[in-house]
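Please read the structure below before turning to the comments.
Protein chains: 2
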Amino acid sequence: MSNPNLRIAVIGSGTIGLSFAALHLSHPSNNRPGRTVQVVIYDPRPDLKEYIETTLPGYLDSDNAEERGASGMTVSSLLSTNRLIIASSLSSAVESADIVQEQGPENVSFKQNLWPQIESSAPERALFWSSTSGIPASVQGKNMRDPSRLLVVHPFNPPHIMPLLEIVPPGGKNADSSSVSAHVARTIEYWKSLGRSPVVLKEEITGFVANRLSFALFREAVHLVNTGVVTAEEVDRVVEESMGPRWAVKGPFWSYHAGGGKEKGLRGFLEKIGDTVQACWDDSGSPNLRRKLEEESPSSQGWEDSLCEQVEQAYGQLGDKDLKDRDQKTRKVLDITRK
Amino acid sequence: MSNPNLRIAVIGSGTIGLSFAALHLSHPSNNRPGRTVQVVIYDPRPDLKEYIETTLPGYLDSDNAEERGASGMTVSSLLSTNRLIIASSLSSAVESADIVQEQGPENVSFKQNLWPQIESSAPERALFWSSTSGIPASVQGKNMRDPSRLLVVHPFNPPHIMPLLEIVPPGGKNADSSSVSAHVARTIEYWKSLGRSPVVLKEEITGFVANRLSFALFREAVHLVNTGVVTAEEVDRVVEESMGPRWAVKGPFWSYHAGGGKEKGLRGFLEKIGDTVQACWDDSGSPNLRRKLEEESPSSQGWEDSLCEQVEQAYGQLGDKDLKDRDQKTRKVLDITRK
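Quick note, the sequences are listed as chains A and B, same order. Quick note: the first sequence uses the numbering used here, first residue 15, plus one each step. Quick note: the second sequence uses the numbering used here, first residue 15, plus one each step.
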């Protein structure tokens, strides 16, 4: 967004909507000299103004208010300076918006009905974002004149804190690339200007990426509790005292690449404990877990080779300095989380 | 360990062995007045002394040396004060040990041959711990006179930093409980005195708990990379910017219990997005993932009910204060990890 004056329409005022509204309003990058960001909230609930006055401060207050020099930010000051506007209709909310960000009910026909209305009232250049956690853009935009305008921009809760945003364009690889690319580029530009971490998915897969990864671990956790190996509370403690802090600092591929040693990296890891990895998968539910990876592998040499090549290209050979940096950060994370 | 003078024999001087040795030697609780901890290292490598002199400082240095007032800890001072002893034979290493901690090669016959030797030289009351990541105590101790003495004490790498220790007694639920319990209780007491986080597993399952959880997420990550939805580097970023910091602060069950809202907790979460969770499992590899949970469920009402009951008993109803605490810690974690 090179536009210094940005108007963002937030449609739907649930937890996600207000968390996003607070982020747009209070982020330091949106409060620098020469930039005005205006947030318009629309929700059909009859008590919208009272509700926002009661609920939004919770998100604003907790947003490192002092650090960002915005500790005086109140709903009444935002309203009186027109930085926050409460709209009385959908069309007035979106009519001069640069971005329309939707978090309505997770219901296909609701969304399919909503977007053509937004499309007919919003400016041509407005970006359309849905925070849905499950309904693909290509399904939501079915009745739009130009469905290529609609992107899923899926946050990790709560979005005023968590940096990740999963950007999922309609139709995945088959999308009209030029038109979609422009929308994606402008979307990424905005989030990067706020120091956020957008990741563009190449396919509209069920559940997107973050939830799929999380649900895979959750499934194994349920299995271990079901079979009485550990309690639910013990599972939480295991995660909080091991892979949680590890993955806060470095993701799973980097970590296993480091775990395999300087010389061999991820290949060394798979050589050393690949059999244990597979035994755990087999024991967890189904031999299909392994077979499917073989079947879908993009390389005739099997999934391990193509994965290792990709990881080596991304990270090269990790050295003592990398491990030292990881360990120092991990200690600091543990100092915070174990208090 | 109520014993103020503790002698710990570390058998095997690889990464795990030296990391544990550094932890025992440098932890503040082992450096308080009136407590003497002596570490004896044995490894058949011919250059053991030179190797320890070169390698151990890396673990000691990085151990928050200043904070714990032990910044002057050097290998030569440890050796000259007999706090660190380099043993020339296995029997001399263990002959007056209170704890024998083994991290030799991951090889069944090696370990089955080693433990009877240790048993015949070590004092009756010594605890026996194996750091193995995969060979159950009941398998390792096959040739021991009293196999109930041997516990798996599995760290998360590197152990001088990560708090988790998985304690896996031999034979799981079928173990001779009185004898095993005493060993487990003394083992837990030592680790708690160091502020570590021991979790006792009720069964000797393949891969233990932490790795199984981690490998389950890893499998889904490989699948998403294999099918071109995201790159390996993007998977790492997704995890580092979302569930990593989340789980560093609060584990998966607590997090989903919070995600379901104050009133309903985990039940609300499963009501709202249980279908998406199951769709992700189905899409990931095999319908068995879901069916197996049903089959193994300890409750006739299905796995959801018994899980929710357990989580409700553990955490009760979460309130605004809990979420605020989580969010404040998460911000601090992100301040560290995103630098």
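Note that the Cβ used here is the ideal one computed from N, Cα and C, for glycine as well.
Reference residue i, options the options, closest by Cα
i, options, result
"W295/B", "L332/A, I219/A, K335/A", "I219/A"
"Q117/B", "G31/B, F222/B, F232/B", "G31/B"
"E254/B", "D334/A, P212/A, W317/A", "P212/A"
"Y73/B", "Q52/B, T95/B, P60/B, H38/B", "H38/B"
"H237/B", "L337/A, E308/A, R345/A", "E308/A"
"E318/B", "V243/A, V244/A, R233/A", "R233/A"
"P10/B", "R304/B, N19/B, I181/B, E64/B", "This structure does not reach residue 10/B, given that chain B is present from 15 up to 353, and the question cannot be answered."
"Q115/A", "I99/A, W143/A, Q126/A", "W143/A"
"S110/A", "I55/A, K353/A, R159/A, V263/A", "I55/A"
"V243/A", "D349/A, W261/A, S298/A", "S298/A"
"F170/B", "D160/B, W268/B, S152/B, F222/B", "F222/B"
"G354/B", "T241/B, A262/B, G330/B, T245/B", "In the structure as shown, chain B begins at 15 and stops at 353. Residue 354/B is therefore absent and cannot be evaluated."
"I100/A", "D57/A, T88/A, K306/A, L165/A", "D57/A"
"P161/A", "I149/A, G185/A, R97/A, P177/A", "G185/A"
"V24/B", "D61/B, L104/B, T50/B", "L104/B"
"D112/A", "L141/A, L128/A, F229/A, A196/A", "L141/A"
"P60/A", "S102/A, L215/A, L348/A", "S102/A"
"E217/A", "L348/A, H271/A, L165/A", "L165/A"
For residue i, three-class secondary structure by DSSP
i, result
"I208/A", "Checking the displayed sequence, the identity of residue 208/A turns out to be Leu instead of Ile. Three-state DSSP puts L208/A in coil, outside helix and strand."
"P173/B", "coil"
"L321/B", "helix"
"I132/A", "helix"
"N19/A", "strand"
"H168/B", "strand"
"S191/A", "helix"
"L284/A", "helix"
"V253/A", "helix"
"Q342/A", "helix"
"I219/B", "coil"
Neighbour flag for residue i against chain B, beta carbons, 7 Å
i, result
"S228/A", "yes"
"V252/A", "yes"
"G330/A", "no"
"D297/A", "yes"
"V223/A", "yes"
"N240/A", "yes"
"F124/A", "no"
"Q324/A", "yes"
"A246/A", "yes"
"W268/A", "yes"
Residue i to residue j span [Cα, whole Å]
i, j, result
"R82/B", "P259/A", "Here the model assigns R82/B a pLDDT of 49, short of 50, so the residue's position is not dependable and the matter cannot be decided."
"S200/A", "R226/A", "Looking at the sequence shown, residue 200/A is not Ser but Arg. Approximately 26 Å, taken between the alpha carbons."
"Q327/A", "G282/A", "16 Å"
"A235/B", "P172/A", "23 Å"
"K338/B", "L93/A", "25 Å"
"S33/B", "N121/A", "53 Å"
"D334/A", "L70/B", "14 Å"
"E310/A", "V291/B", "22 Å"
"N127/A", "N157/A", "7 Å"
"T344/B", "R159/B", "50 Å"
"A293/B", "P150/A", "14 Å"
"M257/B", "G148/A", "18 Å"
"R210/B", "A262/A", "19 Å"
Residue burial classification, residue i (beta-carbon count within 10 angstroms, cutoff 16)
i, result
"Q154/B", "buried"
"N44/A", "buried"
"R139/B", "exposed"
"E285/A", "exposed"
"F124/A", "exposed"
"T351/B", "buried"
"E180/A", "buried"
"T95/A", "exposed"
"K206/B", "exposed"
"E203/A", "exposed"
"G86/B", "exposed"
"T68/A", "exposed"
Closer than 7 Å to chain A by CB, residue i
i, result
"C294/B", "yes"
"D336/B", "no"
"D112/B", "no"
"V194/B", "no"
"L104/B", "no"
"I202/B", "no"
"W129/B", "no"
"D341/B", "yes"
"P177/B", "yes"
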